[in-house]
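Read the structure below first, then the notes.
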Amino acid sequence: MAITQAMCTSFKAQLLLGVHDFRPSAQAGADTFKLALYTSSANLDANTTTYTSSNEATGVTAGGAALTNIGVGTTNTNATAGTGFTDFSDLVFSNVTTTARGALIYNTTPSANDNANSALTNAAVCVLDFGGDKTSTAGDFTIIFPAFDASNAIIRIA
């Protein structure tokens, strides 16, 4: 089993179908995104399509915790090219004892159906690989997201 950092392939297609709404969390119509933690036994990669409880880290709430979306930004480097990006506020799992190797960001409230007009549930967005086990013992387990800009945001489309 392995965790491989990737933007999920199904997510890429769903973007073109208008499935995900990355408006700031406080705005009406914004989708709800969550982050779930996983052990090194999990099998998560670009082919992951939905949230799974298989090999989820113990000591934290099953299904993870809700993320606070900062919103969507863009930057133009010239008249025809630029980067669109979105990011989340740092997430803290307070006073937990857990070990995690990676995480899955997923959408619990997709705005539309997939290409087959099937209702989507817990649609996968991206897999995060921590590069090794990270542990918290009766303390805070914090996911620190990168800067909200075109070079660093957790989700970038160039």
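At position 134 of the sequence shown (counting the first as 1) the number is 136 in my numbering, and the numbers step up by one without a gap.
Note that the Cβ used here is the ideal one computed from N, Cα and C, for glycine as well.
Only a predicted model underlies this, so the values are computations on that prediction, with no experimental measurement involved.
Residues that DSSP places opposite residue i in a beta bridge
i      : result
Gly104 : Tyr40, Asp131
Ala67  : Leu37
Thr137 : Thr101
Val74  : Thr88
Thr6   : According to DSSP, Thr6 bridges with nothing at all.
Leu46  : Ile5
Whole-angstrom distance between residue j and residue i, CA atom to CA atom
i      : j      : result
Ala149 : Gln7   : 18 Å
Asp47  : Asn78  : 30 Å
Thr41  : Leu69  : 20 Å
Ile156 : Thr100 : 23 Å
Phe13  : Thr110 : 13 Å
Thr11  : Cys128 : 9 Å
Phe35  : Thr52  : 12 Å
Ile63  : Leu18  : Residue 63 is actually Thr in this sequence, not Ile. So the two alpha carbons sit approximately 32 Å from each other.
Thr76  : Ser138 : 35 Å
Ala30  : Ala126 : 22 Å
Thr144 : Asp33  : 22 Å
Gly20  : Asn154 : 24 Å
Under 9 Å between C-beta atoms of residue i and residue j
i      : j      : result
Phe24  : Gly66  : no
Asn45  : Ala4   : yes
Leu122 : Ile107 : no
Asp142 : Phe87  : no
Asn71  : Ser27  : yes
Ala15  : Thr85  : no
Ser113 : His22  : yes
Closer than 9 Å to chain C by CB, residue i
i     : result
Ala30 : The structure shown contains no chain C; it is built from a single protein chain.
Proximity winner among the options, relative to residue i (alpha-carbon distances)
i      : options                   : result
Ala140 : Gln29, Phe13, Ile5, Thr60 : Thr60
Glu58  : Ala38, Gly75, Met9, Thr51 : Ala38
Ile146 : Ala32, Phe132, Pro112     : Phe132
Gly104 : Asp33, Asn154, Gly134     : Gly134
Arg158 : Lys136, Asp89, Ala102     : Asp89
Ala102 : Ser43, Ala152, Thr54      : Ser43
Ser55  : Asp151, Asn124, Lys136    : Asn124
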